[in-house]
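Have a look at the structure below, then the notes.
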Amino acid sequence: SLLVARSYRFMGLKPAATIQSCYGHGMINGGHYNREAVTHYTNAMFLSAGTGVETRSAQQVHLMKTFGVNVLVGFVDYIKRLADVAKEQELTPGEDIKIDMIIGHLGMESREAIAKAWSNSDSTMPELFDWYGVGDTGAIAAEGPDHDGMHVWEDCHYLELLDPQSNLKVPQGDKGNMVVTCLYKDDVY
Numbered sequence: 002s003l004l005v006a007r008s009y010r011f012m013g014l015k016p017a018a019t020i021q022s023c024y025g026h027g028m029i030n031g032g033h034y035n036r037e038a039v040t041h042y043t044n045a046m047f048l049s050a051g052t053g054v055e056t057r058s059a060q061q062v063h064l065m066k067t068f069g070v071n072v073l074v075g076f077v078d079y080i081k082r083l084a085d086v087a088k089e090q091e092l093t094p095g096e097d098i099k100i101d102m103i104i105g106h107l108g109m110e111s112r113e114a115i116a117k118a119w120s121n122s123d124s125t126m127p128e129l130f131d132w133y134g135v136g137d138t139g140a141i142a143a144e145g146p147d148h149d150g151m152h153v154w155e156d157c158h159y160l161e162l163l164d165p166q167s168n169l170k171v172p173q174g175d176k177g178n179m180v181v182t183c184l185y186k187d188d189v190y
């Protein structure tokens with residue numbers, strides 16, 4: 002969770018932000034990492050709404066408006082869906098719910114489409130940030146304010162790209178399996 006918080010702060014999360022998490026908060030650890038990151042290592046308020054299963058989408062939109070949520074974290078396909086639900090609830094994203102920042106796993110979604118879904122004009126578009134991590138390593142890399150790719154937390158992880166057949170390092174620029182060695186853990190998740 003400390004690495005998730007580091008990522009959020011690196012991206013420019015403001016201390017007075019109100020964050021709504023669209024990560025699952027059930028038996029999956031992703032939502033819990035985010036909750037711990039925000040509540041222990043930032044000065045932001047945290048709402049653990051979940052994926053639509055824990056808190057239905059219409060209720061999430063209501064929470065966003067009621068609590069003045071300005072940061073959304075989660076998988077962006079669902080975050081994009083919540084903008085549609087806001088419109089179904091006769092709310093205008095970017096006007097009734099002003100999102101400044103979206104932090105999530107962008108995947109194949111278009112940054113522009115997600116930003117436009119949560120704005121009512123080009124001047125109110127939220128800033129989008131991508132990050133990468135998994136449960137057994139924590140946050141491995143995060144996009145910074147320069148939006149120039151992911152920055153690896155090299156003080157916490159050693160990354161190698163290995164050939165799937167030989168397990169030898171691949172030449173620079175080639176594809177391979179990413180092997181992550183945690184430099185900071187003394188336990189097994």
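For the sequence shown, my numbering begins at 2 and goes up steadily by one. Just so it is clear, CB atoms sit at the ideal spot from N, CA and C, and this is done for glycine as well.
Let's test the definition: count the other Cβ atoms within 10 Å of the Cβ of G51 and tell me whether it reaches 16, buried, or not, exposed. Its Cβ being crowded by 16 or more others within 10 Å, G51 is buried.
Please classify D131: is it buried, with 16 or more other beta-carbons within 10 angstroms of its beta-carbon, or exposed? So D131 ends up on the buried side.
Quick check: what's the CA-CA separation for V72 versus C157? In this structure, the alpha-carbon of V72 lies about 26 angstroms from that of C157.
Under the rule that 16 or more other beta-carbon atoms within 10 Å means buried, what is T93, buried or exposed? In summary, T93 is exposed, with fewer than 16 beta-carbon neighbours lying within 10 Å of its beta-carbon over all protein chains present.
Just how far apart, CA to CA, sit V74 and L163? Rounded to the nearest whole angstrom, the C-alpha separation of V74 and L163 is 31 angstroms.
Taking G134 as part of the beta strand (DSSP E), name the residues at either end of that continuous run. 128-135 is the extent of the beta strand (DSSP E) around G134.
Based on Cα-Cα distance, which residue from L129, S167, E155, D137 lies nearest to D147? The option with the nearest alpha carbon to D147 is L129.
Nearest neighbour of S49, chosen from V77, D101, T19, Y42 [CA to CA]: Of V77, D101, T19, Y42, the residue nearest in Cα terms is T19.
Would you kindly report the start and end of the unbroken alpha helix (DSSP H) that includes A87? Residues 77-89.
Start-to-end residues for the alpha helix (DSSP H) that takes in H63: Where H63 is concerned, the enclosing alpha helix (DSSP H) stretches over 58-68.
With distances taken Cα to Cα, identify the nearest neighbour of E161 among M179, N168, D149, V153. The shortest Cα separation from E161 among M179, N168, D149, V153 belongs to M179.
For G139, write down the residues that DSSP places opposite it in a beta bridge. DSSP, once it has assigned bridges, lists V135 as partnering G139.
N178 (DSSP reduced to helix, strand or coil): In the three-state reduction of the DSSP assignment, N178 falls in the strand class.
Determine the closest residue to A87 out of K66, M102, D78, with distance taken between C-alpha atoms. It is K66.
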